[in-house]
Amino acid sequence: MKLLLTFFSVALVLTSCKTKTKSEAEVKAETAVETENWTYLFDGVTTNGWRAYNGDTLPPGWVVKDSVLTFDTELGLEQDYTGGKDIIYGLEEFDNFELYVEWKLPEGGNSGIFYHLKEGIPNAGPPNISPEYQLIDDENYAKIHDLTAYNLSLGHTENPSALQPLQQTASDYAMHVADPDQKILNPVGEWNSSKIVFTPEQVEHWLNGKKVLSFVPWSKDWYERKNSGKWKDEEYYGKFKSGYIGFQDHSSPIWFRNIKIRKL
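Residues 56 to 319 (this note's numbering) make up the sequence shown, in order.
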C-alpha cells in the first residue's frame, strides 16, 4: 500500500510539472504573437511620428513628461503660434485596425480620439471629418462649462445645460451613445483604457475592458444619423475609409500612454 501511494505521488508531481511547462510555453507564444502584431505609436521617450494636424511639427504644449504624452495648457499658451493644436500620428494611415490607448483627464477635461482623418481639406477641421471617440469628464464637465446655448443649437431642448449622452465618454461623438449600463469610468485624475476596433462590418468602442458600443459604419442607420444630426451639413464627415489617428486639443490638460495599434 505504501509503495502504491508513493507511485501515485510521483505521477502527480510529474503531471503537474508537465502541465505547468506547457502553460508557460503557451503564454510565451501568445505574448510573442501579440508583440509582433502591435505597432506602438508612442515610445514613452520622444514625440517621434507626432505632429500638428496640417502641420510639420508639434504645436506648443504637447510634450513628453514622465513617459506620458501630455498636453500642458500653460506651454500651449505661447502667443507666437497660429493654427490648431489637434495632433496626428503622421507616419502612416490606417484603414481597418484595433487601437488601444490609456488616458486620463483633469476635472472638467475634454478631448477625443480621431481616426480616418485626412488633411488639406478647406474649411474643415478634424471634428468635421473624422469620427470621434469622446473623452470627457462626464461627472463635472457641465458643472464647469455652460452648455445650454450649444445644446439648444443642436436641438437638445430637454435639460440643455446637461452633458448629453451623445457627448459623453466612449460615445461616437454626436452619432452613437455608449451604453451607460456597461460603462466603468474611473474618476478624474485616474487612468482609463480605451479601445477602438474598426472594420467595415462593425465598429466597437471599449472602455476599461468592456465593450460599450458597436455600430455598422456607412449603413442605412449610420447615414440617417449623420444626415439628421450635428454632421448633416458636413460633406466630409465619416467619408474616408482610411486616414490618420489623431488626438484632440480642447483647451484642457490631457495625458496619453501605451498607444498601440494593430492592422486587421
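C-beta: ideal position from N, C-alpha, C; glycine also.
Please return the same chain residues whose Cβ sits closer than 7 Å to the Cβ of Q219, not counting the five positions on each side in sequence.
Non-local beta-carbon contacts of Q219 in its own chain, meaning distances under 7 Å to residues more than five positions away in sequence, involve N206, H211 in chain order.
Near K159, what residues of its chain come up, given a Cβ to Cβ distance below 7 Å and the 5 sequence neighbours on each side ignored?
Excluding sequence neighbours, K159 sits near G244, E245, W246, N247, W310.
Just the Cα atoms here: how many angstroms apart are I191 and T224?
Annotation: I191 to T224 spans about 5 Å, alpha carbon to alpha carbon.
Tell me which residues share the same chain as Y291 and place their Cβ nearer than 7 Å to its Cβ, disregarding the 5 neighbours each side in the sequence.
Within the same chain, I176, A179, N183, I184 come within 7 Å of Y291 by CB-CB distance, once the 5 residues on both sides are set aside.
List the DSSP bridge partners of E187.
Its beta-bridge partners are F169.
With DSSP as the reference, please indicate the residues paired to H260 in a beta bridge.
Residue pairing by DSSP places H260 opposite I251, L268 in a beta bridge.
Are the region 195-206 and the region 227-241 touching, with three or more C-beta to C-beta distances below 8 Å?
Flag = no, the region 195-206 and the region 227-241 do not touch.
Among G298, E187, A217, S307, whose alpha-carbon lies nearest the alpha-carbon of H260?
Of the listed residues, the one whose Cα sits closest to H260 is E187.
Less than 8 Å between the CB atoms is what I'm expecting for K285 and L209, so what's the real figure, rounded?
About 6 Å separates the two Cβ atoms, so the contact holds.
Let's test the definition: count the other Cβ atoms within 10 Å of the Cβ of I142 and tell me whether it reaches 16, buried, or not, exposed.
By the neighbour-count definition (other C-beta atoms within 10 Å, threshold 16), I142 is a buried residue.
What are the partner residues of D227, as DSSP defines its beta bridges?
D227 is bridged by DSSP to Y188, H231.
Going by beta carbon distance, what residues of the same chain come within less than 6 Å of N241, once the five residues before and after it are set aside?
Answer for N241: N247, listed in chain order.
Exposed or buried, S307, counting other C-beta atoms within 10 Å across all chains shown (16 or more means buried)?
The residue is buried, with at least 16 neighbouring Cβ atoms inside 10 Å.
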